[in-house]
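Residue numbers for the sequence shown follow UniProt numbering, so the first one is 1 and each next one is one higher. Ideal placement from N, C-alpha and C gives every residue a C-beta, glycine not left out. Below: one structure, written as structure tokens.
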Amino acid sequence: MDHPNWIWQHTDWPHFHWQPGRLAALLRECGQAQGKLLGMLGSVTQAVSAQNELDALLQNILTSSAIEGEQLNVGSVRSSLARRMGLEATKDGQVSRRSEGLADLMMDATEQFAQPFTLARLMNWHHLLFPEPEAGFATRELSVGALRGNEPMQVVSGRLDRPTVYFEAPPRHGLEHAVEDFLEWFETSRNQPELDPLVRAGVAHFWFITLHPFDDGNGRVTRAITDLALAQGEHHAIRFYAMSASILEDRAGYHTALESSQKATLDITDWLEWFLKTLLRSLQQAMTRIDRVLAKSRFWQQHRGVSLCVEQVKVLNRLLEGGERGFEQGISAAQYQAVAKVSKATATRHLADLLEKNCLVRLPGGGRSTRYHVNPPYE
């Protein structure tokens, strides 16, 4: 074919190649971030480490489904994961077949990273992704644990009479052989020292999502394969970052990067650049989260002898946890009142007491705009 529309129509498919010089700086940054994150984790307690792993796995499951437009029951998934990790489940976490299957899939992809990735294992993942429906819930017909049917696999939008085709997967004929080729490469590439493990994870992601071998669930299985490849590269079952969360943050960029590369040549440098930048962002976010955990631990260590009421502790923990709910610009008296559920007079008294005990500092400004922040702990 002189002018193929799709990457899989090239005669050399799937012999991908890339430009190492364009990836070198990103690979160094990712490697340094991985090392720094592991070093930081050595400073936290076992209980905190387990909680952070649970949070990362939960975030990965929730966001991988959210990329496909599916909203999961957070409490149910958390309880399914917590039980497998030997942690206490949430009180409202009524598990379901769906949450149990997703938890099993994630744990298999990460904890069993040393085991061969076979066709049987791949098909079992698809079964875990689509368990038997709960009693009373209808479900659409779907081939579970089997390759897709003969109909063309396309991603389209627009008018029915004039659709725009964004992606078309390889035809059904020969799909078994194509999947076997992928699985064989996935196993043998683990022992290729010249192939960077992070590049391998990016290639695996692109290759499998392009095959699109199932009727449904291709994206979620692909991201689980990516987690498996990253765990194999790190030789570490414990996950402290959620790449799916970073993909969700740039979902439009994700689909654009895939689409443009699937319509291009076998040089997938552009895709690998996007992949590594997204991985780096997820590692940096994990380091920020662990930083907050360590700062919180240092703060309470410094103030272990200070007498505080329940409401004051609640507000301080909220400030120390940071993030979207952490009042990064500081907390006002009115916000303290709302979080602690106390009167205006009590909020004012609590804040004055926290200032006196050096738990808080007053930020610049005055009157009703006065805001307070945690007094940073010394290193």
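ask   = Span of the beta strand (DSSP E) holding Pro163?
value = Within the sequence shown, residue 163 is the residue found at index 163, counting from 1. Note, Pro163: beta strand (DSSP E), Pro163 to Glu168.
ask   = Taking Cβ to Cβ, would you say Ala231 is nearer than 8 angstroms to Ala224?
value = Here residue 231 is taken as the residue at index 231 of the sequence shown, counted from 1. Here residue 224 is taken as the residue at index 224 of the sequence shown, counted from 1. Cβ distance not < 8 angstroms, so Ala231 and Ala224 don't count as in contact.
query = Nearest to Gln337 by alpha carbon, out of Gln302, His15, Gln115 and Val315?
reply = For the purposes of this step, residue 337 is taken as residue 337 along the sequence shown, with counting starting at 1. Nearest C-alpha to Gln337: Val315.
message = Can you find the residues in the same chain that come closer than 8 angstroms, C-beta to C-beta, to Trp18, ignoring five residues on each side of it along the sequence?
response = For the purposes of this step, residue 18 is taken as residue 18 along the sequence shown, with counting starting at 1. Taken in chain order, the residues that qualify are Val199, Asp267, Ile268, Thr269 and Leu272.
inquiry  = Under DSSP, the beta strand (DSSP E) around Leu276 begins and ends at which residues?
reply    = Walking along the sequence shown from the start, residue 276 turns up at place 276. No beta strand (DSSP E) contains Leu276, which is instead part of the alpha helix (DSSP H) from Thr269 to Gln302.
inquiry  = I'd like the list of long-range same chain contacts for Ile61, defined as Cβ closer than 6 angstroms, with 5 residues on each side in sequence excluded.
reply    = To locate residue 61, count along the sequence shown from 1; it is residue 61. Here the set comprises Val77, Leu102 and Met106.
inquiry  = Taking contact to mean 3 or more Cβ pairs, one atom from each stretch, closer than 8 angstroms, check whether the region 28 to 46 and the region 58 to 74 are in contact.
reply    = no
ask   = Once you ignore the five residues that flank Ala24 on each side, which residues in its own chain have a CB closer than 7 angstroms to its CB?
value = Here residue 24 is taken as the residue at index 24 of the sequence shown, counted from 1. Around Ala24: no qualifying Cβ.
message = Within the continuous beta strand (DSSP E) that includes Leu87, where are the two ends?
response = On the sequence shown, residue 87 is found 87 positions in, with the first residue counted as 1. First-last for Leu87: undefined, no H or E at that position.
query = Can you list the alpha helix (DSSP H) stretches of 4 or more residues lying completely in the region 330 to 359, in chain order?
reply = 333 to 340 and 344 to 356
inquiry  = Suppose the cutoff is 7 angstroms on Cβ atoms and the five residues either side in sequence are ignored; what does the same chain contact list for Phe182 look like?
reply    = Here residue 182 refers to the residue found at position 182 when the sequence shown is read from its first residue. Once the five neighbours on either side are set aside, the close Cβ partners of Phe182 are Trp207, Phe208 and Leu211.
message = Looking only at its chain, what residues have a beta carbon closer than 6 angstroms to the beta carbon of Leu128, apart from the 5 residues adjacent to it on each side?
response = One-based indexing of the sequence shown puts residue 128 at position 128. The answer, listed in chain order, is Gly101, Asp104 and Leu105.
inquiry  = Output needed for Gly155: all residues of its chain with C-beta closer than 7 angstroms, excluding positions within five of it in sequence on either side, in chain order.
reply    = As a first step, residue 155 must be located in the sequence shown, where it is residue number 155. Strictly speaking, residue 155 in this sequence is Val, with Gly absent from that position. Cβ neighbours of Val155 beyond the five flanking positions: Tyr166 and Phe167.
task = Leaving out five residues on either side along the sequence, give the residues of the same chain with a beta carbon under 6 angstroms from the beta carbon of Ala286.
result = Start at 1 with the first residue of the sequence shown, and residue 286 comes out as number 286. Taken in chain order, the residues that qualify are Leu37, Phe240 and Tyr241.
request  = Please confirm whether Thr110 and Asp227 have their CB atoms less than 8 angstroms apart.
outcome  = Within the sequence shown, the letter at position 110 stands for residue 110. Within the sequence shown, the letter at position 227 stands for residue 227. Going by C-beta atoms, Thr110 is nearer than 8 angstroms to Asp227.
query = Taking the alpha carbon of Gln46 as the point to measure from, which residue in Thr288, Leu363, Leu354 and Val293 has its own alpha carbon closest?
reply = The residue you call residue 46 lines up with position 46 of the sequence shown. Selected option, being the one with the closest Cα: Val293.
task = Determine, using beta carbons only, whether Leu122 and Met85 come nearer to each other than 8 angstroms.
result = Taking the sequence shown and counting its residues from 1, the one referred to as residue 122 is at position 122. Taking the sequence shown and counting its residues from 1, the one referred to as residue 85 is at position 85. In this structure, Met85 does not lie closer than 8 angstroms to Leu122 by Cβ.
key: In chain order, each beta strand (DSSP E) run of at least 3 residues that lies wholly inside the region 201 to 244   = none
ask   = Among Gln71, Met243, Asn52 and Lys296, which one has its Cα closest to the Cα of Ala82?
value = Counting from 1 along the sequence shown, the entry for residue 82 is found at position 82. Closest by alpha carbon: Asn52.
Status (buried if at least 16 other CB within 10 Å, exposed otherwise) for Ala252 = Sequence index remark: in the sequence shown, residue 252 carries index 252 (1-based). Its Cβ having fewer than 16 others within 10 Å, Ala252 is exposed.
ask   = Does DSSP classify Gln51 as helix, strand or coil?
value = On the sequence shown, residue 51 is found 51 positions in, with the first residue counted as 1. Three-state DSSP puts Gln51 in a helix.
query = Would you report the Cα separation of Leu283 and Ala201, rounded to the nearest angstrom?
reply = Along the sequence shown, read from residue 1 onward, the residue named residue 283 stands at position 283. Along the sequence shown, read from residue 1 onward, the residue named residue 201 stands at position 201. Using only the alpha carbons, I get a separation of about 15 angstroms.
ask   = Going by C-alpha distance, which of Gln262, Ser246 and Val313 is nearest Leu354?
value = The count along the sequence shown starts at 1 and reaches residue 354 at position 354. If we check each option's Cα against that of Leu354, Val313 comes out closest.
Start and end residues, alpha helix (DSSP H) containing Val179 = Stepping through the sequence shown from its first residue, residue 179 is reached at position 179. Per DSSP, Val179 belongs to the alpha helix (DSSP H) from Leu175 to Thr188.
request  = For Asn5, count neighbouring C-beta atoms within 10 Å of its own C-beta (all shown protein chains included) and say buried if the count is 16 or more, exposed if not.
outcome  = Indexing the sequence shown from 1 puts residue 5 at position 5. Classification of Asn5: exposed, given that the 10 Å Cβ count is below 16.
query = From Phe16 to Leu363, what does the alpha carbon distance come to, in whole angstroms?
reply = As a first step, residue 16 must be located in the sequence shown, where it is residue number 16. As a first step, residue 363 must be located in the sequence shown, where it is residue number 363. Cα to Cα, Phe16 sits roughly 55 angstroms from Leu363.
inquiry  = Measuring straight from C-alpha to C-alpha, what distance separates Ala135 and Thr370?
reply    = Taking the sequence shown and counting its residues from 1, the one referred to as residue 135 is at position 135. Taking the sequence shown and counting its residues from 1, the one referred to as residue 370 is at position 370. Any reading at Ala135 must be qualified, since the residue scores a pLDDT of 43, below 50, and its modelled position is unreliable; the value itself is stated next. Rounded to whole angstroms, Ala135 to Thr370 spans 55 angstroms at the Cα level.
message = Spatial neighbours of Leu351 within its chain, please: C-beta separation below 8 angstroms, excluding the five flanking residues on both sides.
response = As a working mapping, residue 351 is identified with position 351 in the sequence shown. Contacts found: Ala333, Tyr336, Leu360 and Tyr372.
request  = Over the uninterrupted beta strand (DSSP E) stretch that includes His373, give me the two end residues.
outcome  = Your numbering for residue 373 matches position 373 in the sequence shown. Start and end: Arg371 to Val374.
ask   = Where Val203 and Asn375 are concerned, what is the direct C-alpha to C-alpha distance, given to the nearest angstrom?
value = Within the sequence shown, numbered from 1, the residue matching residue 203 stands at position 203. Within the sequence shown, numbered from 1, the residue matching residue 375 stands at position 375. About 46 angstroms.
request  = Give every residue of the same chain whose Cβ lies closer than 6 angstroms to the Cβ of Ala169, excluding the five residues on either side of it in the sequence, and list them in chain order.
outcome  = Numbered from its first residue, the sequence shown carries residue 169 at position 169. Excluding sequence neighbours, Ala169 sits near Met153 and His212.
query = Whole-angstrom Cβ separation of Leu142 and Asp216, contact assumed at under 8 angstroms?
reply = Start at 1 with the first residue of the sequence shown, and residue 142 comes out as number 142. Start at 1 with the first residue of the sequence shown, and residue 216 comes out as number 216. Contact flag correct, Cβ pair sits at about 6 angstroms.
key: Own chain, CB closer than 7 angstroms to His126, minus 5 neighbours either side, in chain order   = Along the sequence shown, read from residue 1 onward, the residue named residue 126 stands at position 126. Excluding residues within five positions, the ones whose Cβ falls inside 7 angstroms are Val144, Gly145, Phe214, Gly217 and Val221.
inquiry  = Could you check whether Pro377 and Gln262 sit closer than 8 angstroms to each other, using their CB atoms as the reference points?
reply    = Looking up residue 262 in the sequence shown gives position 262. Looking up residue 377 in the sequence shown gives position 377. In this structure, Pro377 does not lie closer than 8 angstroms to Gln262 by Cβ.
task = Kindly give me the distance between the Cβ atoms of Ile290 and Val44, rounded to whole angstroms, as I take these residues to be in contact under 8 angstroms.
result = Along the sequence shown, read from residue 1 onward, the residue named residue 290 stands at position 290. Along the sequence shown, read from residue 1 onward, the residue named residue 44 stands at position 44. Contact flag correct, Cβ pair sits at about 7 angstroms.
First and last residue of the uninterrupted alpha helix (DSSP H) at Arg22 = The count along the sequence shown starts at 1 and reaches residue 22 at position 22. Run containing Arg22: Pro20 to Leu41, per the alpha helix (DSSP H) assignment.
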